[in-house]
DNA sequence: CGGAATCCCCTAGGATACTG
DNA sequence: CAGTATCCTAGGGGATTCCG
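Residue numbers (my numbering), protein chains in the order written: chain L, 49 to 184; chain Z, 49 to 184.
Next comes the structure, spelled out in structure tokens:
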């Protein structure tokens with residue numbers, strides 16, 4: 049999650065710090081961000097309907113308005129989310145996953161399944177540390 | 049990637065900042081870390097063979113010895129990687145994915161595929177920013 | 001209502017040096 | 001060889017305030 053600055057430069061450029069052929073790292077830089085996966089999931093649950101900013105915020109417990117804004121802007125830039133503004137006063141802004149976003153959600157679903165099935169094991173492994181000497 | 053400190057406390061505890069029923073977030077906190085996914089992949093490619101520390105380091109271009117160490121310790125704590133020490137002088141330490149680690153790799157493979165197929169679109173979307181006004 | 005700007009803290013993670 | 005310990009900085013992300 050460190051090389052985020054490389055985005056503006058375009059990571060196909062010559063001066064890359066890391067393997068430019070590792071799209072996985074790039075992807076994780078995006079979805080590894082605190083609220084991205086939750087936003088994608090929330091929008092996916094609503095699809096094909098659009099969701100307004102405030103409503104989205106309500107469905108994502110704990111997110112600050114700044115971070116939701118930042119997250120959505122990033123997703124929009126990446127072409128994963130579409131943004132529609134109704135130029136009323138006050139304005140209404142709607143978000144929805146694009147086709148690309150939906151396909152990402154499908155890929156994420158796999159991870160989610162794994163997490164749901166196995167995170168408990170990881171927790172148990174962590175708790176087991178420190179006891180292993182006794183049991184030896 | 050921020051709430052990492054919650055690990056020691058055990059995220060089943062009462063004081064959780066976020067939904068304790070979101071294992072996906074926990075998982076991303078792990079694999080979203082800069083070197084974790086690369087380490088898992090590298091170990092998976094070698095499986096079922098063990099890999100020594102230095103060899104692993106060589107196969108992961110750019111990783112510092114500190115970060116590899118930290119990453120491996122974390123993976124070991126999580127039960128995703130097994131660690132075997134030969135108490136020779138100098139010592140030789142071998143790493144290998146556990147069954148749990150291998151199953152994670154399988155889940156990660158899905159993400160990798162998605163990334164390889166679609167990161168280019170994301171790049172294109174990013175580059176398109178700024179032109180969209182011209183095109184009307 | 002949606003969001004941009006500012007301030008500030010905290011952690012990931014790189015460089016370097018030391019140990020067994 | 002395989003770490004561990006220390007120092008340092010860049011950036012994520014929370015709170016708060018201001019704007020159209």
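Using N, Cα and C, we set each Cβ at its ideal position, and we do this for glycine too.
*Extent of the continuous beta strand (DSSP E) to which residue 145/Z belongs*: What you label residue 145/Z is simply residue 97 of the second chain in a count that begins at 1. Run containing residue 145/Z: 140 to 145, per the beta strand (DSSP E) assignment.
_Neighbouring residues, chain Z, relative to residue 151/L (Cβ below 9 Å)_ = The residue given as residue 151/L occupies position 103 in the first chain. By Cβ distance, chain Z contributes 162, 165 and 166.
*Could you list which residues in chain L have their beta carbon closer than 9 Å to that of residue 75/Z, in chain order?*
For the purposes of this step, residue 75/Z is taken as the residue at position 27 of the second chain. Simply 159, 160, 162, 163, 166, 167 and 170.
*Run the CB neighbour count on residue 79/Z, radius 10 Å, all protein chains shown included, and call it buried at 16 or more, exposed below.*
Counted from its first residue, the second chain places residue 79/Z at position 31. It counts as buried.
*Burial state of residue 177/L, where buried means 16 or more other Cβ atoms lie within 10 Å*: The count along the first chain starts at 1 and reaches residue 177/L at position 129. So residue 177/L counts as exposed.
_Runs of 4 residues minimum, wholly inside the segment 74 to 111 of chain L: which ones carry the alpha helix (DSSP H) assignment?_
84 to 94 and 101 to 107
_Opening and closing residue of the alpha helix (DSSP H) in which residue 129/Z lies_ = For the purposes of this step, residue 129/Z is identified with residue 81 of the second chain, where counting begins at 1. Taken as a continuous stretch (DSSP letters only), residue 129/Z belongs to no alpha helix (DSSP H), being part of the beta strand (DSSP E) at 129 to 134.
*Let me know the secondary structure DSSP gives residue 52/L once reduced to three states.*
For the purposes of this step, residue 52/L is taken as residue 4 along the first chain, with counting starting at 1. Summary for residue 52/L: the model assigns pLDDT 40, below 50, so the residue's position carries little reliability; its value from the coordinates is reported in the next sentence. Note: residue 52/L maps to helix in three-state DSSP.
*When we look at the beta-carbon of residue 113/L and count the other beta-carbons within 10 Å, is it buried (16 or more) or exposed?*
Sequence index remark: in the first chain, residue 113/L carries index 65 (1-based). The residue in question, residue 113/L, is exposed, as its Cβ has fewer than 16 Cβ neighbours within 10 Å.
_On the CB-based measure, 16 or more other CB atoms within 10 Å of its CB, does residue 77/L come out buried or exposed?_
For this step, residue 77/L is matched to residue 29 along the first chain. Answer is buried; the Cβ neighbour count reaches 16.
*Of the residues 143/Z, 148/Z and 94/Z, which one's Cα is nearest the Cα of residue 165/L?*
To locate residue 165/L, count along the first chain from 1; it is residue 117. Residue 165/L has its Cα closest to that of 148/Z, out of 143/Z, 148/Z and 94/Z.
*Please decide whether residue 126/L counts as near chain Z, where near means a Cβ-Cβ distance under 7 Å.*
For the purposes of this step, residue 126/L is taken as residue 78 along the first chain, with counting starting at 1. Judged by the 7 Å Cβ criterion, residue 126/L is in contact with chain Z.
*For residue 87/L versus residue 145/L, is the C-beta distance shorter than 7 Å?*
Position 39 of the first chain, counting from 1, holds the residue named residue 87/L. Position 97 of the first chain, counting from 1, holds the residue named residue 145/L. No, the Cβ-Cβ distance between residue 87/L and residue 145/L is not below 7 Å.
*Identify which residue in 125/L, 152/L, 95/L and 118/L has its Cα closest to the Cα of residue 81/L.*
Locating residue 81/L in the first chain gives position 33, where the first residue counts as 1. Residue 118/L is the option with its Cα nearest to residue 81/L.
_Three Cβ pairs or more, each shorter than 8 Å: is that satisfied between the segment 157 to 174 of chain L and the segment 149 to 161 of chain Z?_
yes
_Within chain Z, the residues that residue 155/L reaches when beta carbons sit closer than 7 Å_ = Here residue 155/L refers to the residue found at position 107 when the first chain is read from its first residue. Within chain Z, the residues near residue 155/L are 158, 159 and 162.
_Alpha carbon of residue 74/Z to alpha carbon of residue 84/Z, nearest angstrom_ = Counting from 1 along the second chain, the entry for residue 74/Z is found at position 26. Counting from 1 along the second chain, the entry for residue 84/Z is found at position 36. Taking the straight line from one Cα to the other gives about 14 Å.
_Alpha-carbon spacing of residue 128/L relative to residue 127/Z, whole angstroms_ = In the first chain, residue 128/L corresponds to position 80, counting from 1. In the second chain, residue 127/Z corresponds to position 79, counting from 1. Looking at the backbone, the Cα of residue 128/L and that of residue 127/Z are separated by about 34 Å.
*asked:* Against chain L, does residue 116/Z count as a neighbour if the rule is that its beta carbon must be under 7 Å from one of theirs?
replied: If you number the second chain from 1, residue 116/Z lands on position 68. Cβ-Cβ to chain L under 7 Å: no for residue 116/Z.
_7 Å Cβ cutoff, residue 92/L in contact with chain Z_ = In the first chain, the residue the question calls residue 92/L occupies position 44. Not an interface residue.
_Among 154/Z, 116/Z and 120/Z, the one whose alpha carbon lies nearest that of residue 130/Z_ = Residue mapping note: residue 130/Z aligns to position 82 of the second chain, counting from 1. Out of 154/Z, 116/Z and 120/Z, 120/Z has the C-alpha closest to the C-alpha of residue 130/Z.
_Tell me the DSSP secondary structure of residue 118/L in three-state form._
Here the question's residue 118/L lines up with position 70 in the first chain. It is helical.
_Assuming residue 108/Z and residue 124/Z are in contact, meaning their beta carbons sit under 8 Å apart, how far apart are those beta carbons, in whole angstroms?_
Reading the second chain from its first residue, position 60 is the one you call residue 108/Z. Reading the second chain from its first residue, position 76 is the one you call residue 124/Z. Between residue 124/Z and residue 108/Z the Cβ distance is about 16 Å, and since that is not below 8 Å, they are no contact.
*Using 10 angstroms around the beta-carbon of residue 153/L, count the other beta-carbons present and answer buried if the total reaches 16, otherwise exposed.*
Sequence index remark: in the first chain, residue 153/L carries index 105 (1-based). Counting Cβ neighbours within 10 Å, residue 153/L comes out buried, since at least 16 surround it.
*Quick one: residues in its chain with C-beta nearer than 8 Å to the C-beta of residue 100/Z, no 5 flanking neighbours on either side, listed in chain order?*
The residue you call residue 100/Z lines up with position 52 of the second chain. Closer than 8 Å at the Cβ level, and outside the excluded window around residue 100/Z, lie 140, 141, 142 and 143.
*Give the residues of chain Z in contact with residue 130/L, contact being defined as C-beta atoms less than 9 Å apart.*
One-based indexing of the first chain puts residue 130/L at position 82. Those do not exist, as residue 130/L stays about 11 Å from chain Z at its closest Cβ, beyond 9 Å.
*State the Cα-Cα distance for the pair residue 167/L and residue 72/L, rounded to the nearest angstrom.*
Here residue 167/L refers to the residue found at position 119 of the first chain. Here residue 72/L refers to the residue found at position 24 of the first chain. Using only the alpha carbons, I get a separation of about 21 Å.
*Indicate whether residue 132/Z and residue 116/Z have their beta-carbon atoms separated by less than 7 Å.*
Position 84 of the second chain holds residue 132/Z. Position 68 of the second chain holds residue 116/Z. The answer is no: Cβ separation not under 7 Å.
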